[in-house]
Every structure is written in structure tokens, then in C-alpha cells.
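First comes the structure, then the notes that go with it.
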Amino acid sequence: MPVTNADIAAELDRIADLLDIEGANPFRVRAYRRAARIVEGLPRSVADMLAAGEDLDALPGIGKDLAGKIAAIAAGQHPPLLAELEREVPPGITALLAIPGLGPKRVRTLYETLGITDVAALAAAARAGRLRSIPGFGPVIEAKILEALSRGEGQPRRLKLRAAEQIVEPLLRHLRQGRGILAAEVAGSYRRRRETVGDLDLVVASETPEAAIAHFLGYDEIAQVAERGPTRARVVLRNGTQVDLRAVEPASYGAALLYFTGSQAHDIALRRIAVEKGLKLNEYGLFRGRRRIAGRTEEEIYAALGLAPIPPELREDLGEIAAAREGRLPRLVTAADIRGDLHAHTDATDGRASLKDMAQAARDRGYAYLAITDHSRRLTMAHGLGPKELARQVAAIRRLNATLGGGFTLLASIEVDILEDGRLDLPDAVLADLDLVVGAIHSHFGLSREKQTERLLRAMDNRHLDIIAHPTGRMINARPPYPLDMERLLRAARERGCHFEVNAQPDRLDLSDSLCRLAKEIGVKVAISTDAHGPEELAFMRYGVDQARRGWLEPDDVLNTRPLPELMALLRRGA
DNA sequence: GCCGTTTTCGGCCCGACTGTTTTCAGTCG
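FYI, the UniProt record's numbering numbers position 345 of the first sequence as 345, with every residue one higher than the one before it.
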């Protein structure tokens, strides 16, 4: 079993947790956590980078020591530091940190006074009323722990972005109706458009922050108020989502938005810049001494720090600050740049709408083209098309195009199955008649990394294949990506003139943000496609665009920002 | 543990809220 970047990040987080519980230097703990986030966000596997002879300590935030430990973990070794920590602190104890209200200090106290090392022992002690007598604890904390345990907390639950949106929209409507609320926005990872969000962070501007808090607390979906103060409240909604609201005066709104949008690493980096300039940055503004020199908008704060305004999607401390300082931030792709969709199904296979309805919906969105990519025959459960059925569909598409007019074109295409050995599921002669060919893996997810990579390489050897759809097969919160050598695949794609998809289904978002960035670095253009199975799913485009933006993609990096003739010229058959 | 056209040692972002405290530690983001 290869050691993935996620595995390495988890080990680094475990070291950080154990060090934290031991009472180590907090900056040392932070270094491990920061390294975990860096490794997690790398587009390429650490194992590959090491095999290529790259120095991990070239990454900002990773020095010689951490580079050595990461290499050891990647090689499947147990770092001596971790072994040592596990001798001193029972390793299972880190699970207690996931319980709200329990941090490293209290967890350590629980261990030292009552010998508690796991959730079951904690629950037993709390039920027996033994926590309240520990110094620093009391009856209220004991009750809160019991309540958290009864809610089954301890396992952080992250919502997919689309689910979060459905919670956010009515909540924002409620807030914006509040008297004296001048602006309201969702910040946090939601605003950065991460594929999943933990909790929701709201920021409102009001001359009377306390009244704004009171209005927020009147929202009828609130199940429990966990905290409330004059400028901040924290609640849990009926559906279990935690929502934090921060209310500030308009002069601080930009500063508060900046602070609560994060990421934390981005915020810390900005504050360091402020300190270097003899300034102080907090959620109320940017200050020289006691005088506020910026705060009403994010833009004026960035400007005062000598930075171009940084779009929320880039705020991960992954190079955006240097780019903003040097005036080389990307001009990110937007939904308005998209001219068409290159992956959609109809009721000929597993879609829900007719060819005509899908065409109509795409045209109504202002698109110039829509590729119809039904499944091929191998996918029997989706009633995949064989050569004859496909020929009939192609003829129907040509006929429909003759009647549609208005600068809109349906493209005859297919989502052809990539078989276990890398061959495509339809004969070349059939594929040659199509406008473009999208290929995808739908079976044999369990192949070794080597075999899965070879499979896709072989598929790309077929010159009819234009785009690899949902390249890693991952399903967010449900199925990990199958192991692939993505760097090798992207380099091969560039050589062959093949392209990769950013599948915009909110459950997929595949390529991910960091893989988008890798594709751009290697020079492979991507198609942002919805894989719509009905007209309404054409609207998923914006989720794909969001991921592409997180991956630093500009309009030129995206195939379907182009008018049809330019698009066709970029495909292999046009070359 | 990281990092440095001020530094290779001595810094490291900043504040709100809670509960348990008689003035503040712990947690959280």
C-alpha cells in the first residue's frame, strides 16, 4: 500500500497533536501542522517528488528536519519522534481533541488526573460526575462534554459545497432582512470555494453590532446557541451545522471579511507583512499605532500592505502573496468566460432529458455549443450505446443542428469506456465520425498504480481520444481517487495533444484544485464540464469553475472558453 | 521547527468568549 500525501499529513497532524498534549513549544506544534497542510495540498505525491530527486526543504515552511521526517514517513517508516511521543502519551488520546471544548491542556489533565485515554473512558467519567472536581474543570464543562458525546461528536463532518449552499441561502436572506444590517457575507472556506466546508462563518456590517447579533439569533433554524457576545455568536442549526457570526461596524467590514475568509495560513502571512511594516492587522482594520489606516474593504487593506487584491479562491498561502506583491496574480477564469459544455447525457442512456431539451437548455444558458456524450455499450447498467445506436444519435444531432440555428451547435460525441487494458469500448472507425471523444474509466478501480497509469496512457495512445473525463474517479467524502501517476499522465497528455476534464459535478470536482494547478504547470488545457444528466445540471458549471479558479486557471487554460472554431482547432482531429 | 537586504538567535498573528476564576487560562478560528 503506497503512502499517500494524505497519510503523511495525518502522521504530521498526529505528531502535532501529541506534541501539543505534551506541552511542547506551540510554534513547534504549528510547524508540524503547517507542514501537514502543505503536504496535503501538493498536487504530486511526495513519493514521486523524492524519486525525482527533489528537495522537500525547498518548500517554504519545510526545513531540513521536517523534510527528513516526511521522507521517512513516505518510506513507510515510523519516525523515532513519533515512537518516543507514543511512549510518553497514549496514542489514542488524540481522539479526545476532536471533542469541542477539549484542547491539549485539558486532555493532558484528564490523562494525568483520571488516567483517561479514550472517548469511552471520558464518557464514563463524565456520567459518574468525576470531571467536575478536576482543577480547571467544572459542572458546566462536564455537562458540555456529555452533550457533545451524546450528539456523536468527535468525528468532524464536512459538508459538500452544494449542501452548504442550500443551508447558506435562506440564512443570508434572513440576515439581509435585519434592520441596520448593511452587508452580510459568508466567509471561511465557503467563500474560498473549497470542495467541502466544516462550519459556516458569517460576517455582517452594522452600526449596531449587538442588534445584528440579536437578529441573527432569531433565525428559526437555530437549535442551540453555543456562545453569544456583543460582537460574535456561535450556534448549531437543526441540521447539525455550526454557524459563527461576527458583527462589525462598516469601517471594519473589509478587515473582518478578510480575517474570517482566511485561510488561517493566509491571514498569518498577511499579519506578518503588517508587522514588518510596523503595522498591526486584526479583524477591525489595519492600524498604525492606534490609527486605523484601512479596514472598510479588503482591497484597501491589500493595497496598504503593498499587495494586489487576492481573490478568495487563492488565499491558501500557496504562493498567492508573492504573486500579488509582484503583480503576477492570474486573471482567473469566470463563469462568464464559459462558451459551452463538453460532457452531457440524454435519455438515450442514463440521462433524464431528450436531446432536444438538453440542447434547448444549453442554448438558454447562452452557450455556443453542447457536446452530447452518452455512455458506450460496455456500461450496460446505463444502457450504453453500441455503434448502431450511436449512429442513429449522431444522425439525430445533425438533423437537430439544421433546425436550431442561432449560433448554437450540438456536438456529436461519446463518453467512451476505457477498458481494463486501455482499449476504448468502440471501434476507431466509429469514433472517427464524431466531433470529439471523451473517455472515462468506470470499472476496475482497484488496479495497481502502475497498471491504472498504463491503462490511461494506452487510452491516450488512441488519437481519437480528446478528453479524459473525471480523471481520478474520486467521489468526495465517499471514494478516494484511484492511484495514478498524474504527473506522468499529464506530461503524456501534453505530448499527445490530449486534454483532461474538470468534472463539475459537486460530488466529483475531478480534477481537484491542486491537480488543476499541476495541469497548468505542465501545460495541459482542461475542459470544465458538468457531466449533466438533466438540463438543470448544466448549472453545475459554476462548481467546476470554482475549482478551476482554486487551481489558478485562466481563461486560456480552459478549452471551453473558446468559440467553436478555435475549440475544434485545439482538438487532435483539428491538428 | 522555521526563518532571516535589519537577524544564524530570537523571534514567531491576534482577539472573542467561556468557565472557573478572584485576574485569567483554555479553546477556537
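Here a beta-carbon is modelled for each residue, glycine too, at the ideal position from N, C-alpha and C.
Give the single residue among Phe-216, Ala-247, Gly-229 whose Cα lies nearest to the Cα of Leu-237.
-> The residue given as residue 237 occupies position 237 in the first sequence. Of Phe-216, Ala-247, Gly-229, the residue nearest in Cα terms is Phe-216.
Specify the secondary structure class of Pro-555 as computed by DSSP and reduced to three states.
-> Your numbering for residue 555 matches position 555 in the first sequence. Helix.
Note down the Cα distance separating Ala-336 from Asp-556, rounded to an integer number of angstroms.
-> Taking the first residue of the first sequence as 1, we reach residue 336 at position 336. Taking the first residue of the first sequence as 1, we reach residue 556 at position 556. Roughly 13 Å separates the two Cα atoms.
Which residues mark the beginning and the end of the alpha helix (DSSP H) in which His-343 is found?
-> As a position in the first sequence, residue 343 is number 343, starting the count at 1. His-343 -> no alpha helix (DSSP H), and no H or E assigned at all.
For the stretch 240-290, list the beta strand (DSSP E) runs that are entirely contained and at least 3 residues long, ordered along the chain.
-> 242-248, 280-282, 285-288
So, helix, strand or coil for Asn-503, using DSSP?
-> Position 503 of the first sequence, counted from the first residue, corresponds to residue 503. Three-state DSSP puts Asn-503 in a strand.
Local conformation of Gly-76 per DSSP, three classes = The sequence position of residue 76 within the first sequence is 76, counting from 1. DSSP places Gly-76 in coil when its eight states are reduced to three.
Looking only at C-alpha atoms, which of Met-475, Pro-535, Ala-9, Glu-299 sits nearest to Leu-511?
-> Looking up residue 511 in the first sequence gives position 511. Looking at the Cα atoms, Met-475 is the closest of the given residues.
Do you know offhand how far His-499's Cα is from His-464's?
-> Reading the first sequence from its first residue, position 499 is the one you call residue 499. Reading the first sequence from its first residue, position 464 is the one you call residue 464. If I take the Cα positions, the gap works out to 12 Å.
Buried versus exposed call for residue 594 [16 or more other C-beta atoms within 10 Å across all chains shown] | A query on residue 594 cannot be resolved here, the shown segment of the chain reaching from 1 to 575 and no further.
Cross-strand partners of Met-475 (DSSP beta bridge) | Position 475 of the first sequence, counted from the start, is the residue given in the question as residue 475. Arg-479, per the DSSP bridge assignment.
Sorted by chain position, which residues of the same chain lie with C-beta nearer than 6 Å to Ala-247's C-beta, five sequence neighbours on each side aside?
-> One-based indexing of the first sequence puts residue 247 at position 247. Same-chain partners within the cutoff: Val-204, Ser-206, Pro-209, Ala-212, Ile-213, Thr-231.
Buried or exposed: Ile-75, going by 16 or more other Cβ atoms within 10 Å of its Cβ?
-> The residue labelled residue 75 in the question sits at position 75 within the first sequence. Checking the sequence shown, residue 75 turns out to be Ala, not Ile. When all chains shown are included, Ala-75 counts as exposed.
CB-CB under 6 Å to Leu-329, same chain, minus the five flanking residues each way: which ones, in chain order?
-> Taking the first sequence and counting its residues from 1, one reaches residue 329 at position 329. These residues qualify, in order along the chain: Ala-308, Ala-323.
For Gly-198, which residues of its own chain have a beta-carbon under 6 Å away from its beta-carbon, when the five flanking residues on both sides are left out?
-> The residue labelled residue 198 in the question sits at position 198 within the first sequence. Within the same chain, Gly-198 has close Cβ partners Arg-158.
For the alpha helix (DSSP H) that Ala-212 lies in, which residues bound it at each end?
-> In the first sequence, counting from the first residue as 1, residue 212 sits at position 212. Segment 209-217, the alpha helix (DSSP H) holding Ala-212.
Would you tell me roughly how many angstroms separate the C-alpha atoms of Leu-172 and Gln-166, rounded to the nearest one?
-> One-based indexing of the first sequence puts residue 172 at position 172. One-based indexing of the first sequence puts residue 166 at position 166. So the two alpha carbons sit approximately 11 Å from each other.
Hey, Asp-13 and Arg-33 are a contact pair by Cβ (cut 8 Å); roughly how many whole angstroms apart?
-> Start at 1 with the first residue of the first sequence, and residue 13 comes out as number 13. Start at 1 with the first residue of the first sequence, and residue 33 comes out as number 33. Yes, Asp-13 and Arg-33 are in contact; Cβ-Cβ is about 7 Å, under 8 Å.
Have a look at residue 638 and Ser-448 and give me their C-alpha separation to the nearest angstrom.
-> Any property of residue 638 remains undetermined from this structure, which presents the chain solely from 1 to 575.
Rounded to a whole number of angstroms, what is the C-alpha to C-alpha distance between Arg-423 and Asp-55?
-> Within the first sequence, the letter at position 423 stands for residue 423. Within the first sequence, the letter at position 55 stands for residue 55. Near 37 Å, if we compare the C-alpha coordinates of Asp-55 and Arg-423.
Leaving out five residues before and five after Ala-575 in sequence, what residues of the same chain have Cβ atoms less than 7 Å from its Cβ?
-> Mapped onto the first sequence, residue 575 falls at position 575. Because the pLDDT of Ala-575 is 45, which lies under 50, any placement of that residue in the model is unreliable, and the question is left without a value.
Using the beta-carbon count (16 or more within 10 Å), is Thr-561 buried or exposed?
-> By one-based count along the first sequence, residue 561 stands at place 561. So Thr-561 counts as buried.
Grab the span of the alpha helix (DSSP H) containing Thr-453 for me, first residue to last.
-> Position 453 of the first sequence, counted from the start, is the residue given in the question as residue 453. It spans 449-461 - the alpha helix (DSSP H) in which Thr-453 sits, taken as one unbroken run.
Counterpart residues of Lys-356 in DSSP-defined beta bridges = Counting from one through the first sequence, the residue named residue 356 turns up at place 356. DSSP lists no partner for Lys-356.
DSSP beta-bridge partners for Arg-192?
-> Counting from 1 along the first sequence, the entry for residue 192 is found at position 192. BP columns for Arg-192 are empty, so no partner.
Under a three-way DSSP split, which group does Glu-227 fall into?
-> Translated into positions along the first sequence, residue 227 becomes position 227. In this structure, Glu-227 counts as strand in the three-state DSSP scheme.
Where does Ala-71 fall in DSSP's three states?
-> Residue mapping note: residue 71 aligns to position 71 of the first sequence, counting from 1. Correct three-state label for Ala-71: helix.
Would you mind giving the Cβ-Cβ distance between Met-541 and Leu-515, rounded to the nearest angstrom? I have them listed as a contact below 8 Å.
-> On the first sequence, residue 541 is found 541 positions in, with the first residue counted as 1. On the first sequence, residue 515 is found 515 positions in, with the first residue counted as 1. Met-541 to Leu-515, Cβ: 18 Å. No contact.
Between the beta-carbon of Asp-341 and the beta-carbon of Ala-359, is there less than 8 Å?
-> Against the first sequence, residue 341 aligns to sequence position 341. Against the first sequence, residue 359 aligns to sequence position 359. Not in contact: Asp-341 and Ala-359 (Cβ atoms no closer than 8 Å).
May I ask which residues mark the beginning and end of the alpha helix (DSSP H) holding Ser-514?
-> Residue mapping note: residue 514 aligns to position 514 of the first sequence, counting from 1. Its alpha helix (DSSP H) spans residues 513-522.
Distance, Leu-314 Cα to Ala-265 Cα | On the first sequence, residue 265 is found 265 positions in, with the first residue counted as 1. On the first sequence, residue 314 is found 314 positions in, with the first residue counted as 1. Approximately 12 Å between the Cα atoms of the pair.
How would you write the range of the beta strand (DSSP E) that Val-119 sits in, first residue to last?
-> For the purposes of this step, residue 119 is identified with residue 119 of the first sequence, where counting begins at 1. Element bounds for Val-119: not the beta strand (DSSP E) but the alpha helix (DSSP H), 119-127.
Considering only the beta carbon of each residue, do Ala-251 and Arg-292 sit closer than 8 Å?
-> Along the first sequence, one-based indexing puts residue 251 at 251. Along the first sequence, one-based indexing puts residue 292 at 292. Yes, Cβ-Cβ distance for Ala-251 and Arg-292 is below 8 Å.
For Ala-575, name the three-state secondary structure that DSSP assigns.
-> Taking the first residue of the first sequence as position 1, residue 575 is located at position 575. Interpretation of Ala-575 is limited by its pLDDT of 45, a score under 50 that renders its predicted location unreliable; no figure is taken from the coordinates.
Thinking just about the alpha-carbon of each residue, which of Arg-491, Thr-530, Glu-299 is nearest to the one in Met-519?
-> The count along the first sequence starts at 1 and reaches residue 519 at position 519. The sequence given here has Ala at residue 519, not Met. It is Arg-491.
Note down, one range per segment and in chain order, each alpha helix (DSSP H) of at least 4 residues found wholly within the stretch 408-440.
-> 428-432
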